[in-house]
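Be aware that the sequence shown starts at 346, since it is given in my numbering, and climbs by one per residue.
Remarks on the structure that follows.
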Amino acid sequence: MVTVRARTTLLASAVTALALVLGSFLLLRILDSQLTDNGDALARSRVRDLLSVAASGEVAPGIDNLNDESVAQVVDERGVVVAASPNAAGRPALADPELSPGTLEVFTVDGPDDDETERYRVWAGVGPTADGQVTVLVGTSLESVSEATRTLRRALLVGVPLLLILVAGAIWIFVGRALSRIDAISSAVDAIGESELDHRVPLTGVDDEVGRLARTMNRMLERLERSQQRQREFVADASHDLQSPLAALRAEAEVALLHPERYDVAALARELLGSTAQLEHLVADLVQLSRLDAGAPLETMLLDLDDVVLEEATRVRVSTTVAVDTSAVSAAPVWGDAAELRRLVRNLLDNAVRHARRQVHVSLLGSATQVVLEVSDDGPGVDPEDRERIFERFVRGDAARTHPGGTGLGLAIAQGIARRHGGRIEVLDADPGATFRLVLPVGRDRWAVRLLAGQAGDARGTMES
Numbered sequence: 346m347v348t349v350r351a352r353t354t355l356l357a358s359a360v361t362a363l364a365l366v367l368g369s370f371l372l373l374r375i376l377d378s379q380l381t382d383n384g385d386a387l388a389r390s391r392v393r394d395l396l397s398v399a400a401s402g403e404v405a406p407g408i409d410n411l412n413d414e415s416v417a418q419v420v421d422e423r424g425v426v427v428a429a430s431p432n433a434a435g436r437p438a439l440a441d442p443e444l445s446p447g448t449l450e451v452f453t454v455d456g457p458d459d460d461e462t463e464r465y466r467v468w469a470g471v472g473p474t475a476d477g478q479v480t481v482l483v484g485t486s487l488e489s490v491s492e493a494t495r496t497l498r499r500a501l502l503v504g505v506p507l508l509l510i511l512v513a514g515a516i517w518i519f520v521g522r523a524l525s526r527i528d529a530i531s532s533a534v535d536a537i538g539e540s541e542l543d544h545r546v547p548l549t550g551v552d553d554e555v556g557r558l559a560r561t562m563n564r565m566l567e568r569l570e571r572s573q574q575r576q577r578e579f580v581a582d583a584s585h586d587l588q589s590p591l592a593a594l595r596a597e598a599e600v601a602l603l604h605p606e607r608y609d610v611a612a613l614a615r616e617l618l619g620s621t622a623q624l625e626h627l628v629a630d631l632v633q634l635s636r637l638d639a640g641a642p643l644e645t646m647l648l649d650l651d652d653v654v655l656e657e658a659t660r661v662r663v664s665t666t667v668a669v670d671t672s673a674v675s676a677a678p679v680w681g682d683a684a685e686l687r688r689l690v691r692n693l694l695d696n697a698v699r700h701a702r703r704q705v706h707v708s709l710l711g712s713a714t715q716v717v718l719e720v721s722d723d724g725p726g727v728d729p730e731d732r733e734r735i736f737e738r739f740v741r742g743d744a745a746r747t748h749p750g751g752t753g754l755g756l757a758i759a760q761g762i763a764r765r766h767g768g769r770i771e772v773l774d775a776d777p778g779a780t781f782r783l784v785l786p787v788g789r790d791r792w793a794v795r796l797l798a799g800q801a802g803d804a805r806g807t808m809e810s
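This is the structure:
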């Protein structure tokens, strides 16, 4: 398997090699073009100078003053070289162009057989003299340009591979140093066992990507540690709460077997059914929590939340002496899972009735964007420091200790259902008692919700009239 270090080095080296090759090619082209342009500029200038000298009749001295590698010739109308630079003396005309007076043209021609220079770039111009007109030819050797580019090419052929090797080596070293920190993090995480989630990845103190990765891993380990701790507490609390009704069932059955004459069958059945109901309630709560944890899909539909609230309030009135006031419940259609929302409302009402002294007040208000349900009781209330904690599993506030019957899971389930529907439950200040407020978004089809709300309002108005 090719490592990240090797892949990164290969990719970076390939990109660098491509850039160096393209840069070398452009450099050679630029050098060739620049040298050619410089030679052309010099040749054109000398053609004009010699034409000016020829017009005054003093050609030879002007050509004799040339002291570089350029060659110059002055050719008369018969094609005879009448003057030439020292390095072109005795040579035939470099070219025989047909030009109009006052024009300049450039040609590339081969040099004579005895000249080591293979080709010339010749600029030609025609100008008048006292006896007629002459053609001035000034040529620059292309060999010097070729030699310069060859020299640069040889240097690049040696330098580019060396530079590429240096770049690849530097990338290999730097990537290795960067990845070594990631390897250290990986090794540290691998060394953490299931029972060692309190261990953390060492931080280097450098605020870069690897440092942020280490901090992210530590935050993940903290979440895992808290999750494991909650799971252990959940298992312990669930085991304890399951043990109580099971122990009661066993004790009642054993006593009935030992002393059958003391037990009325109907009374025993009622006691067993009571313990069984408590056990079923706890198991149902545990199953609901497992559904929430598993993220089971919601079976959403458009429903009247006010109907659910009124039905649950009626159920509560039958089983308790606490008065439940629903006069402030108004139409509130909402999108959601009917079974889960019913469970949410039931848990809030059961919690309020369990802690109320004489009365529970329920209000429900719906709008185009959200519905708000408030359940208030006149009980002992919730301490401010417990208002977040009571939504955790198997957590009961101080007041709950004097009101047995709950599993400690109802509010946790209600909050989980609310969050699955995009809402929330919060505890508000109340005097006396406590108020639990549920806020839910209306859902996906607001037009249908508004229509249903209008129909529900009309129906309620008809019933009231």
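Just so you know, even glycine gets a beta-carbon here, dropped at the ideal spot from N, CA and C.
As the structure is a prediction and not an experimental result, all values here were calculated from the model.
Check your understanding: Should the region 350 to 368 be regarded as contacting the region 497 to 511, the criterion being three or more beta carbon pairs within less than 8 Å?
Key -> yes
Exercise for review: Return yes when the Cβ of V632 is within less than 8 Å of the Cβ of V674, no when it is not.
Suggested key: Along the sequence shown, read from residue 1 onward, the residue named residue 674 stands at position 329. Along the sequence shown, read from residue 1 onward, the residue named residue 632 stands at position 287. Not in contact: V674 and V632 (Cβ atoms no closer than 8 Å).
Review point. Do three or more CB pairs link the region 379 to 396 to the region 472 to 483 at distances below 8 Å?
Key: yes
Check your understanding: Do S620 and A593 have their CB atoms nearer than 8 Å?
Key -> In the sequence shown, residue 620 corresponds to position 275, counting from 1. In the sequence shown, residue 593 corresponds to position 248, counting from 1. Yes, the pair counts as a contact, with Cβ atoms nearer than the cut-off.
Practice item. Buried or exposed for E625, please, with buried defined as at least 16 other CB atoms from any protein chain shown within 10 angstroms of its CB. Key: Residue 625 sits at position 280 when you count from the first residue of the sequence shown. Burial call: exposed.
Check your understanding: In angstroms, rounded to a whole number, what distance separates the CA positions of T353 and G538?
Key -> As a working note, residue 353 is residue 8 in the sequence shown. As a working note, residue 538 is residue 193 in the sequence shown. Roughly 32 Å separates the two Cα atoms.
Review point. In angstroms, rounded to a whole number, what distance separates the CA positions of P605 and L618?
Key: Here residue 605 is taken as the residue at index 260 of the sequence shown, counted from 1. Here residue 618 is taken as the residue at index 273 of the sequence shown, counted from 1. Cα-Cα distance, rounded: 18 Å.
Review point. Does DSSP put F739 in a helix, in a strand, or in coil?
Key: For the purposes of this step, residue 739 is taken as residue 394 along the sequence shown, with counting starting at 1. If DSSP states are grouped into helix, strand and coil, F739 belongs with coil.
Review point. What are the start and end residues of the beta strand (DSSP E) that includes D649?
Key: Indexing the sequence shown from 1 puts residue 649 at position 304. Run containing D649: 645 to 649, per the beta strand (DSSP E) assignment.
Exercise for review: Assuming A757 contacts F781 (C-beta within less than 8 Å), just tell me the rounded distance between them.
Suggested key: Position 412 of the sequence shown, counted from the first residue, corresponds to residue 757. Position 436 of the sequence shown, counted from the first residue, corresponds to residue 781. No, A757 and F781 are not in contact; Cβ-Cβ is about 13 Å, not under 8 Å.
Check your understanding: Cα-Cα, which of S721, A759, V451, R423 is closest to P777?
Key -> In the sequence shown, residue 777 corresponds to position 432, counting from 1. Among S721, A759, V451, R423, the Cα nearest to that of P777 belongs to S721.
Exercise for review: Could you spell out the range, first to last residue, of the beta strand (DSSP E) harbouring H700?
Suggested key: As a first step, residue 700 is located in the sequence shown; it is residue number 355 there, counting from the start. No beta strand (DSSP E) holds H700; the alpha helix (DSSP H) holding it covers 683 to 700.
**Study point:** Beta-carbon spacing of V717, V667 below 8 Å
**Key:** The count along the sequence shown starts at 1 and reaches residue 717 at position 372. The count along the sequence shown starts at 1 and reaches residue 667 at position 322. The answer is no: Cβ separation not under 8 Å.
Check your understanding: Straight-line CA distance for P446 to Y465?
Key -> Stepping through the sequence shown from its first residue, residue 446 is reached at position 101. Stepping through the sequence shown from its first residue, residue 465 is reached at position 120. Those two C-alpha atoms are separated by around 23 Å.
Practice item. Please look up how many angstroms separate the CB atoms of V727 and V772, rounded, as I've assumed it's under 8 Å. Key: Locating residue 727 in the sequence shown gives position 382, counting from the first residue. Locating residue 772 in the sequence shown gives position 427, counting from the first residue. The Cβ separation is near 5 Å, so the contact holds.
Practice item. Identify whether L502 lies in helix, strand or coil by the three-state DSSP scheme. Key: On the sequence shown, position 157 is the one that residue 502 refers to. In the structure shown, L502 sits in a helix (DSSP, three-state: H, G or I).
Practice item. Kindly list the residues whose CB is nearer than 7 Å to the CB of V784, restricted to its own chain and excluding five residues on each side of it in sequence; keep chain order. Key: To locate residue 784, count along the sequence shown from 1; it is residue 439. Within the same chain, V784 has close Cβ partners Q715, V717, G768, R769.
Check your understanding: Just checking, does the region 416 to 435 make contact with the region 478 to 485 on the three C-beta pairs under 8 Å criterion?
Key -> yes
Point to revise | Start-to-end residues for the beta strand (DSSP E) that takes in A428 | key: Counting from 1 along the sequence shown, the entry for residue 428 is found at position 83. Here the beta strand (DSSP E) through A428 covers 426 to 429.
Review point. Excluding sequence positions up to five away, which residues of its chain have a Cβ less than 7 Å from the Cβ of S672?
Key: The residue labelled residue 672 in the question sits at position 327 within the sequence shown. Within the same chain, S672 has no close Cβ partners at all.
Point to revise | Start and end residues, beta strand (DSSP E) containing D722 | key: Taking the first residue of the sequence shown as 1, we reach residue 722 at position 377. Segment 715 to 722, the beta strand (DSSP E) holding D722.
**Study point:** Cut-off 6 Å between Cβ atoms - residues of its own chain near H479, not counting five sequence neighbours on either side
**Key:** For the purposes of this step, residue 479 is taken as residue 134 along the sequence shown, with counting starting at 1. What sits at residue 479 in the sequence shown is Val, not His. These residues qualify, in order along the chain: A399, V419, D421.
Practice item. With distances taken Cα to Cα, identify the nearest neighbour of E730 among G724, L694, D774. Key: The sequence position of residue 730 within the sequence shown is 385, counting from 1. Of the listed residues, the one whose Cα sits closest to E730 is D774.
Check your understanding: On the three-pair Cβ rule with 8 Å, is the region 486 to 499 touching the region 363 to 377?
Key -> yes
Review point. For F452, which beta-bridge partners are listed by DSSP?
Key: For the purposes of this step, residue 452 is taken as residue 107 along the sequence shown, with counting starting at 1. DSSP lists V467 as partners of F452.
Practice item. Determine, using beta carbons only, whether I527 and V555 come nearer to each other than 8 Å. Key: The residue given as residue 527 occupies position 182 in the sequence shown. The residue given as residue 555 occupies position 210 in the sequence shown. Contact: yes.
Practice item. From the DSSP output, in three-state form, read off V520 for me. Key: If you number the sequence shown from 1, residue 520 lands on position 175. Helix.
Exercise for review: List the endpoints of the continuous alpha helix (DSSP H) containing D670.
Suggested key: Walking along the sequence shown from the start, residue 670 turns up at place 325. Not the alpha helix (DSSP H): D670 falls in the beta strand (DSSP E), residues 668 to 674.
Practice item. Starting from E771, follow its DSSP beta bridges and name the residues at the other end. Key: By one-based count along the sequence shown, residue 771 stands at place 426. DSSP, once it has assigned bridges, lists R782 as partnering E771.
Review point. Any idea if P678 is buried or exposed, counting beta-carbon neighbours within 10 angstroms, 16 or more meaning buried?
Key: As a working mapping, residue 678 is identified with position 333 in the sequence shown. Flag for P678 reads buried.
**Study point:** Exposed unless 16 or more other CB atoms sit within 10 angstroms - verdict on S401
**Key:** To locate residue 401, count along the sequence shown from 1; it is residue 56. Under this definition S401 is an exposed residue.
Check your understanding: By DSSP, does T480 sit in helix, in strand, or in coil?
Key -> As a working mapping, residue 480 is identified with position 135 in the sequence shown. DSSP places T480 in strand when its eight states are reduced to three.
Check your understanding: What is the residue span of the alpha helix (DSSP H) that V392 lies within?
Key -> To locate residue 392, count along the sequence shown from 1; it is residue 47. Unbroken alpha helix (DSSP H) run through V392: 349 to 401.
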